[in-house]
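Taking the working numbering, the leading residue of the sequence shown gets 1, the next gets one more, and so forth.
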Amino acid sequence: LMNKRPDWDTYFLNIAKAVCMRSTCLRRNYGAVIVDSSKAIVSTGYNGSPVGDINCCDYGKCKREELHVPKGERYELCKAIHAEQNAIINCTKQRMIGSTIYIYGKNFDGTLASGCPCLLCERMIKNGGIAEAVYLLPKDGKIYLVHRDIQKDKRIQTVEYEIYKRSVLNGEVIKSAII
């Protein structure tokens, strides 16, 4: 009988997906999970307002959405802290050194959003000593699993996610896919 357990990437991306359910953003929901080299979770974070501030989801308004600001622009209008930033803030540097951060994102309509960290988050990830970022990247109607070496600023591996899942399970596709 074949082992149906998910591989580590799928496992931690699914946990990041669960973490993103706590997001308070009205545009996109993100979850991040920092995992050390022994595969232990050391921190999680989701995007949302700073502690003590009114959440956008409670307020019912998003300034960037009202102004139709494209993704990646005019961050000064947004009060949210990114998922990666929250995960880093909630962890000690010693626990982050050499770790991996898994990032999952979804748009408000439920479609997959790119998990690629923004430039500010990328710098924070690098300064935190995190070695690798793993995320899903929707592109041209397909979903890619990306492994990036943050310290060397290069992609280690980019593979179509369906092909990755089949290769992990020797020809069988994981039924509980991340979508």
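Quick reminder that beta carbons are idealized off the backbone N, C-alpha and C, glycines included.
Assuming residue i contacts residue j (C-beta within less than 8 Å), just tell me the rounded distance between them.
i	j	result
A80	G45	Not quite, the Cβ-Cβ distance comes to about 11 Å (not below 8 Å), so this is no contact.
I130	I150	6 Å
D9	L145	6 Å
L26	C57	6 Å
G98	S49	That belief does not hold up - the Cβ atoms of G98 and S49 are roughly 31 Å apart, past 8 Å.
Which residues does DSSP pair with residue i in a beta bridge?
i	result
R148	A133, R155
P138	I143
Determine the contact status of residue i and residue j, defining contact as a CB-CB distance below 9 Å.
i	j	result
C118	G72	yes
T100	N55	no
I15	A87	no
L137	Y104	no
K20	K106	A quick correction: the sequence has Cys, not Lys, at residue 20. The answer is yes: Cβ separation under 9 Å.
Where residue i and residue j are concerned, what is the direct C-alpha to C-alpha distance, given to the nearest angstrom?
i	j	result
Y102	F12	6 Å
N29	Q85	14 Å
A18	R5	18 Å
I174	D7	Its pLDDT being 40, under 50, I174 is placed unreliably by the model, and the measurement read from it follows with that caveat. Those two C-alpha atoms are separated by around 9 Å.
V159	H68	32 Å
K126	K142	28 Å
S43	G31	11 Å
*Flag this pair as touching only if the segment 55 to 68 and the segment 90 to 102 have three or more C-beta atom pairs under 8 Å; answer yes or no.*
no
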